[in-house]
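Participant: My numbering applies: residue 1 is where the sequence shown begins, and numbers increase by one.
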Amino acid sequence: MNIFGRCLAIATVAFACAIAGIYVHKLSPPYAALSVDLIRSVSGVIGTLFAIVLGLLVSSSYATFNSHQADFDSLVSAVANIDFLLKHFPDESDQPRLLLKRMVHRLLERYWPDKNGRSLGEVNYNHLSNDVAEIMAINNAAEKFKNISRDDLNSFREFSSKFVGIQSNIIRSLSSEMPALLLDVVFGWACLLFFLYGCISVGNLLEVFFLLLGVIAIASANFLLLELTNPYQGIFKVSSAAFDLLLDSMIQDPEQSSKPSATSN
Numbered sequence: 001m002n003i004f005g006r007c008l009a010i011a012t013v014a015f016a017c018a019i020a021g022i023y024v025h026k027l028s029p030p031y032a033a034l035s036v037d038l039i040r041s042v043s044g045v046i047g048t049l050f051a052i053v054l055g056l057l058v059s060s061s062y063a064t065f066n067s068h069q070a071d072f073d074s075l076v077s078a079v080a081n082i083d084f085l086l087k088h089f090p091d092e093s094d095q096p097r098l099l100l101k102r103m104v105h106r107l108l109e110r111y112w113p114d115k116n117g118r119s120l121g122e123v124n125y126n127h128l129s130n131d132v133a134e135i136m137a138i139n140n141a142a143e144k145f146k147n148i149s150r151d152d153l154n155s156f157r158e159f160s161s162k163f164v165g166i167q168s169n170i171i172r173s174l175s176s177e178m179p180a181l182l183l184d185v186v187f188g189w190a191c192l193l194f195f196l197y198g199c200i201s202v203g204n205l206l207e208v209f210f211l212l213l214g215v216i217a218i219a220s221a222n223f224l225l226l227e228l229t230n231p232y233q234g235i236f237k238v239s240s241a242a243f244d245l246l247l248d249s250m251i252q253d254p255e256q257s258s259k260p261s262a263t264s265n
């Protein structure tokens, strides 16, 4: 089920609980009238718990989203530094720089597949092993450059290690999603809360309208949680602008540059 489907399901269940509460009120109005103070007290406790936990979840999800953005900024910095070091050896570094650029293209296709009309697939350590192999190939090629200093080689290894470490952190973060049971419990509190609100409501049109507004707010909170914990799809996505700018500054791929001329002929 996609994010909008989950939010719609939560909104539907919460609103159904509110309507059920209204029917309970209408079936036994004397008992509902006598229990108003108790219902308000219980709903106050549940509402406070729900607000505290929901606030913590949104804050944690936003921190996770910012962490992913920071990781990608650091990843771009590592790749840019490797490319910058390769530029110091213009007569020997064309092939390693092309290999590096093609790896950046694959990173964009892996984490932002919607640019190519595809959906995000599972990202795992197999992807990282392929990147490690190519980074090692770039380092091995750099070791054969003429007049390369030991400091340059150490810099290559440092930025390569940083690249692998950041990628590993990104993959690990993607694998540790928010537990579904936690969300079920929290939004179960919301459904119970709306049931209690319905129990002290007489069910006129205005009250039903305000209950509907509350349900929409609950669904939007769930939408924020799901969007922020899935930072590579949906509306709120980690920006790929840094990678796009990096690609513009990297070496021109002869295969891509030859495509327009081939089509023109």
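Using N, Cα and C, we set each Cβ at its ideal position, and we do this for glycine too.
#1: Closest to leucine 8 by CA distance: which of Ile170, Val215, Gln233, Ala78 is it?
#2: So, with DSSP's three-state summary, where would you put glutamate 92?
#3: Tell me which same chain residues have a C-beta within less than 7 Å of the C-beta of threonine 229, skipping the five on either side of it?
#4: Have a look at lysine 259 and serine 249 and give me their C-alpha separation to the nearest angstrom.
#5: When DSSP labels each residue in this structure, what does proline 30 get in the three-state scheme?
#6: Can you name, in chain order, every residue of its own chain whose Cβ lies under 8 Å from the Cβ of cysteine 17, other than the five neighbours on each side?
#7: Using 10 angstroms around the beta-carbon of alanine 219, count the other beta-carbons present and answer buried if the total reaches 16, otherwise exposed.
#8: For isoleucine 10, name the three-state secondary structure that DSSP assigns.
#9: Can you give the beta carbon distance from leucine 99 to serine 155, rounded, assuming they're within the 8 Å contact cut?
#10: Where does leucine 27 land, buried or exposed, given buried means 16+ other C-beta within 10 angstroms?
#11: So, with DSSP's three-state summary, where would you put proline 113?
#12: Along the chain, where does the alpha helix (DSSP H) that runs through isoleucine 216 open and close?
#13: So what does DSSP say about serine 19, is it helix, strand or coil?
#14: How is glycine 234 classed by DSSP in three states: helix, strand or coil?
#15: By the three-class DSSP mapping on this structure, what secondary structure does phenylalanine 50 have?
#16: Considering only residues of the same chain and omitting the five flanking positions on each side of serine 240, which have a CB-CB separation below 7 Å?
#17: Between which residues of its own chain and isoleucine 166 is the CB-CB distance below 6 Å, once the five residues before and five after are set aside?
#18: Exposed or buried, what is glycine 21 when buried is set at 16 or more other beta-carbons lying within 10 Å of its beta-carbon?
#19: If I follow the unbroken alpha helix (DSSP H) through isoleucine 138, where does it start and stop?
#20: Measuring CB to CB, does leucine 57 end up less than 8 Å from leucine 181?
#21: Just the Cα atoms here: how many angstroms apart are isoleucine 138 and phenylalanine 187?
#22: DSSP on glutamine 69, reduced to helix/strand/coil?
#23: Measure the alpha-carbon distance for glycine 5 versus proline 231 and round it to whole angstroms.
#24: Would you call histidine 88 buried or exposed, if buried means 16 or more other Cβ atoms sit within 10 Å of its Cβ?
Facilitator: According to the structure data:
#1: The shortest C-alpha separation from leucine 8 is found at Val215.
#2: When secondary structure is reduced to three states using DSSP, glutamate 92 falls in the coil class, being assigned neither helix nor strand.
#3: Closer than 7 Å at the Cβ level, and outside the excluded window around threonine 229, lie Ser61, Thr64, Glu177, Met178.
#4: Because lysine 259 carries a pLDDT of 49, less than 50, the predicted location of this residue cannot be relied on, and the following value inherits that uncertainty. C-alpha separation (whole angstroms): 19 Å.
#5: In the structure shown, proline 30 sits in a helix (DSSP, three-state: H, G or I).
#6: Cβ neighbours of cysteine 17 beyond the five flanking positions: Cys191, Leu192, Phe194, Phe195, Gly198.
#7: Buried is the call here.
#8: Reduced to three states, the DSSP call for isoleucine 10 is helix.
#9: The beta-carbon separation of leucine 99 and serine 155, rounded to 18 Å, does not stay under the 8 Å limit for a contact.
#10: Residue environment for leucine 27: exposed (fewer than 16 other C-beta atoms within 10 angstroms of its C-beta).
#11: Taken through DSSP and simplified to helix, strand or coil, proline 113 comes out as helix.
#12: Here the alpha helix (DSSP H) through isoleucine 216 covers 205–228.
#13: Note on identity: in this sequence residue 19 is isoleucine, with serine being the wrong assignment. Isoleucine 19: helix per DSSP, three-state reduction.
#14: Correct three-state label for glycine 234: coil.
#15: Helix.
#16: Contacts found: Leu108, Trp112.
#17: Asp71, Ser74, Leu75, listed in sequence order.
#18: So glycine 21 counts as buried.
#19: Isoleucine 138 -> alpha helix (DSSP H) spans 125–143.
#20: No.
#21: Cα to Cα, the separation comes out at about 50 Å.
#22: DSSP, read as helix, strand or coil, puts glutamine 69 in helix.
#23: Going from the Cα of glycine 5 to the Cα of proline 231 covers about 18 Å.
#24: Exposed, since its Cβ has fewer than 16 Cβ neighbours within 10 Å.
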